[in-house]
Amino acid sequence: MDLPESKELFSKLKIYTLLDLALIVPTSYNDCRLSDSLEVGKVQTVEVRVIDSSTFHGKFRVTFEHISTARRIYATFFKATAYHYQKFTVGSRHYIQGKVEIYKGYLQISQPRAIKEVGSIIPKYKTAIKESEFKKLIQTYITEANLYNEGLDSFEVASLLKLHFPATLEDIYKHDGVYKDEILSVLKFIEAYNHIKKLKNKRVDREPIDILDGSLNEFIASLPFKLTDEQNQAIVDIQKDLQNPKKATKRIVVGDVGSGKTMVILASVVMAYPKRAILMAPTSILALQLYDEAIKHLPSYIRVALVSQSSSKGDYRSADFIIGTHAILYKDDMPQASLVMVDEQHRFGTQQRAMLEAMVSCEDKRPHYIQFSATPIPRTQAMMDSAMVDVSLITTTPFEKDVTTKVISKSDFAPLLTHIQSEIEENHQVLIIYPLVEPSQQIPYKSLQESFEFWDSRFDGVYATHGKDKDKEAVLLEFREKGKILLATTVVEVGISLPRLTLIVIVGADRLGLATLHQLRGRVGRNGLKSWCYLYVNDTKNQRLQKFCTTTNGFDIARLDLEYRDSGDILDGTIQSGQKFRWLDMANDEEVIQKAKDRATML
């Protein structure tokens, strides 16, 4: 696909593979096959002879005789030009096309088109280049041999050729431009297969700086709890990666809220020892929490250091495990690491992640690289993404949470206040999420600023913070120890652990994606306490939120989110929007994607 004259056209069309081109299918077809019979209500191409013509009130009327049946067809040209008068002279023969109708008992075609060539079905394309140029590309590249070379089977090849070089429309459509099921299935498969192949080609594997094969036995035995099956499987996956002498690990571990990713992180550190591991976290609070967990659970011989803007502990220059925020990136004397991990990786820019990896790389060799995310993705997306980066999913939690989710409105406010009071009396904490900090006429909900006085005048221990608050981490830490009610924006979506938090109210929940709502709901009930999540909206009949109330698994939530929003791509950090597919349904086409992945793996 690299003929010089084609390169510029492919660039304009954003075509990178042969299947990209093949998937630009005709938007419609012009059926120029001659019809021997006449069918009312159908667009037909017929051969006719002019037997009469006249002009009436500016309209050019022509009487044709259908050659095959000798039946008369009456045609009217509403905006006739000199061309029409010269062309349709009595006795002349033509191929014309139009919709055959009956008017007052007579067959007629209104405004027929003269056709030069007949006998074929002409595909019509809409692209960023001239149609004649695009058709030339199709004729040059979309061949049986080229399609087989892409790894398609005979049925898939035949289906694509039918779309671009049709012999009959009955092979393509059920009715009225609706694709036959088998054609649609092929388009779904090829779309998935093409995407997976492109991801696979993007992957570049490098030799690891070190093979890491530290023993886990002592660490696992020392834990005061049993790891879940999926935690163990993720650890086994990583263990195999770290021992591969030919390619450095590239893995993302996606765990639901509270699924225990921290233990997988710590197990990875133990397997890396005596070599060094680095973990970058998005906030100082999260880095500190991970540091505390590391000190608590890691063997005492593993030296741990913390590097962040607000506090540092230990000597990172001699540590076996360095935990930090992006402050790590700006240390000139950061030692080389054999294992690099990033927690909540989508919160960092691609450039920051690349800086971290490059900083500790060794010439052509690379550190093992593991990303962690608490934002569940649909299984279908995980299947696709695994072509570019290995994926481990942790879909279960160590214990069953008891969280009741309910959609509420203004009429439920009095009982809500009573419930908040009772939770505070139990020494529990309450979190209220607002959609914005300052008042706005565009959003039909109160802001955090407008609401603070209401809560502060009725309850003790009310704290408030938001994304632009420079002191937000200090506020969160103080609230954890002393507070009763925290007013915040979605800044608390991922981060600080609040073990006494049992009630969350999300104001304007209808404005947030289900994945974000699930992250917020994950703030409560962390230690198994009975908890509640209230979704405060103006319209309680919101179907999307009602479904959310009865769905607790993050991966099911991610699938549900797909039904209401576009699919995201966790690989480049764009969670909210990403690859858009024309035919493939990421929410429901898991079997198609699995088949495409299996085929691409065999290449």
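In terms of this note's numbering, the sequence shown has 1019 at position 525, counting the first letter as 1, and numbering is strictly consecutive. Ideal Cβ placement from N, Cα and C applies to all residues, glycine included.
Using a Cβ distance threshold of 8 angstroms, N1036 and T889 do not count as a contacting pair. Residue burial annotation: K755 is buried, with at least 16 other C-beta atoms found within 10 angstroms of its C-beta. In this structure, G585 keeps its C-beta atom at 8 angstroms or more from the C-beta atom of S604. It is roughly 18 angstroms from the alpha-carbon of D896 to the alpha-carbon of T722. In the same chain as R555, and ignoring 5 residues on each side of it, the C-beta atoms closer than 6 angstroms to its own belong to S548 and T570, in chain order.
The continuous stretches of alpha helix (DSSP H) do not include H560, which lies in the beta strand (DSSP E) extending over residues K553 to H560. A straight line joining the alpha-carbon of V747 with that of S886 spans about 5 angstroms. Between Y589 and I609, the C-beta spacing is below 8 angstroms. Within the same chain, Cβ atoms closer than 8 angstroms to the Cβ of F683 are found at E650, V1086, K1089 and A1090, the five residues on either side in sequence being excluded. The shortest CA-to-CA distance from L930 to any of A958, T983 and R1053 is the one to T983. Residue nearest to L1078 within the set A868, K790, S679 and E724 is S679 (criterion: CA-CA distance). Uninterrupted beta strand (DSSP E) stretches at least 3 residues long and entirely within the segment 560–587 occur at 566–571, given in chain order. Around the beta carbon of L1008, 16 or more other beta carbons sit within 10 angstroms, so the residue counts as buried. In the structure shown, N524 adopts extended strand secondary structure according to DSSP, grouped into three states. In the DSSP assignment, I1000 falls within the beta strand (DSSP E) that extends over L995 to V1001. When the alpha-carbon of L780 is set against those of R1005, S762, K966 and A881, the nearest one is in K966. Secondary structure note for Q725: its alpha helix (DSSP H) is the uninterrupted segment D723 to L736. Residue pairing for G754: DSSP places it in no beta bridge.
In the DSSP assignment, G818 falls within the unbroken beta strand (DSSP E) covering F815 to G818. When Cβ pairs closer than 8 angstroms are counted between the two stretches, the segment 719–734 is seen not to touch the segment 872–882, the count staying below three. The three-state reading of DSSP puts T898 in strand, counting E and B together.
Judged by DSSP in its simplified three-state form, G1048 adopts helix. From the listed residues K553, K629, T563 and Y523, the smallest Cα separation to E541 is found for T563. Using a C-beta cut-off of 8 angstroms, the segment 862–876 makes no contact with the segment 799–807, since fewer than three inter-stretch Cβ pairs fall below that distance.
Taking C-beta separations shorter than 8 angstroms and ignoring five residues to either side along the sequence, the partners of Y785 in its chain run V798, L800, K807 and I817, following chain order. Under the three-state reduction of DSSP output, A1090 falls in the helix class. For C856, the CB contacts under 7 angstroms within the same chain, skipping 5 residues up- and downstream, are I703 and Q830 in chain order. The Cβ neighbour count for A908, taken over all protein chains shown within 10 Å, is under 16; the residue is labelled exposed.
Between P660 and the set F842, I677, L532 and F893, the nearest pair of CA atoms involves I677.
Between the beta-carbon of T1034 and that of V901 there is about 5 angstroms, and that keeps the pair under the 8 angstroms contact cut. The three-state secondary structure of F842, taken from DSSP, is coil. Boundaries for D647: no alpha helix (DSSP H) harbours it, and the DSSP string shows neither H nor E there. Taking 8 angstroms as the upper bound for CB-CB distance, L833 and M849 are not in contact here, some 17 angstroms apart. L1056 and P793 have their C-alpha atoms spaced approximately 42 angstroms apart. By DSSP's assignment, Q538 forms a beta bridge with G592. In this structure, DSSP gives W1026 an extended state, which the three-state scheme calls strand.
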